[in-house]
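Novice: The structure is given below, and queries will be raised subsequently.
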Amino acid sequence: METSRDLFRAVFESGPDALFVLHEGEIIGANAQAERLFGFGAGELVGTRSEALAAAGAFDEEERRRGEIAADPQTRPMGTGMQLMSRRKDGTTFEADVSLAALRDARGRDLVVISVRDASERIEMEAE
């Protein structure tokens with residue numbers, strides 16, 4: 022019999038987008054797509070600060086957005102102008118569409134769920 026935890030894990034891992042769960046800027050959960058998109062091995066992202074995934078100069082913007090989420094915890098869907106220059110483990114950068122959602126876990130911690138999608142192809146197509 023599948024538990025709700027098993028179902029959550031299956032949904033978390035099967036999504037097409039990179040998914041992160043953050044607590045105070047530290048990654049406490051990341052799915053396999055996040056590891057692939059950012060070039061990390063299994064489990065390497067957990068314990069990493071989210072700013073490590075922002076391109077040089079983009080960290081201030083990433084931190085500002087985290088502050089907005091904390092001050093006004095509501096879901097911000099993709100396609101609402103939330104883009105961020107991101108950095109892979111090998112140092113290459115890409116433009117990412119980002120959506121954010123705030124939640125509180127069973128222990129009362131304020132968390133941020135971040136969904137990331139490589140926007141490079143979309144941006145290239147729109148430029149043509």
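The opening position of the sequence shown corresponds to residue 22 in this note's numbering, with each subsequent residue numbered one higher.
By construction, the Cβ of each residue, glycine as well, lies at the ideal position given by its N, Cα and C atoms.
(1) Would you identify the three-state DSSP class for E116, choosing helix, strand or coil?
(2) Using 8 Å for Cβ pairs, my map puts G68 next to I48. What's the rounded Cβ distance?
(3) For S71, which of S35, R125 and L132 has the nearest alpha-carbon?
(4) Going by other Cβ atoms of all chains shown within 10 Å of its Cβ, with 16 needed for buried, is V137 buried or exposed?
(5) Pull the bridge partners of I48 from the DSSP assignment, please.
(6) Over the uninterrupted alpha helix (DSSP H) stretch that includes R138, give me the two end residues.
(7) Using a 10 Å radius around the Cβ and a threshold of 16 neighbouring Cβ atoms, would you call F29 buried or exposed?
Specialist: Result, derived from the coordinates:
(1) Within the sequence shown, numbered from 1, the residue matching residue 116 stands at position 95. It is a strand residue.
(2) For the purposes of this step, residue 68 is taken as residue 47 along the sequence shown, with counting starting at 1. For the purposes of this step, residue 48 is taken as residue 27 along the sequence shown, with counting starting at 1. At roughly 7 Å, the Cβ-Cβ gap stays under 8 Å, so G68 and I48 are in contact.
(3) Mapped onto the sequence shown, residue 71 falls at position 50. Here the closest residue by C-alpha is L132.
(4) Position 116 of the sequence shown, counted from the start, is the residue given in the question as residue 137. With 16 or more other Cβ atoms within 10 Å, it is buried.
(5) As a position in the sequence shown, residue 48 is number 27, starting the count at 1. Answer is L43, bridged to I48.
(6) Here residue 138 refers to the residue found at position 117 of the sequence shown. Boundaries around R138 are those of the beta strand (DSSP E), D131 to D139, since no alpha helix (DSSP H) includes it.
(7) As a first step, residue 29 must be located in the sequence shown, where it is residue number 8. Exposed, by the Cβ-count rule.
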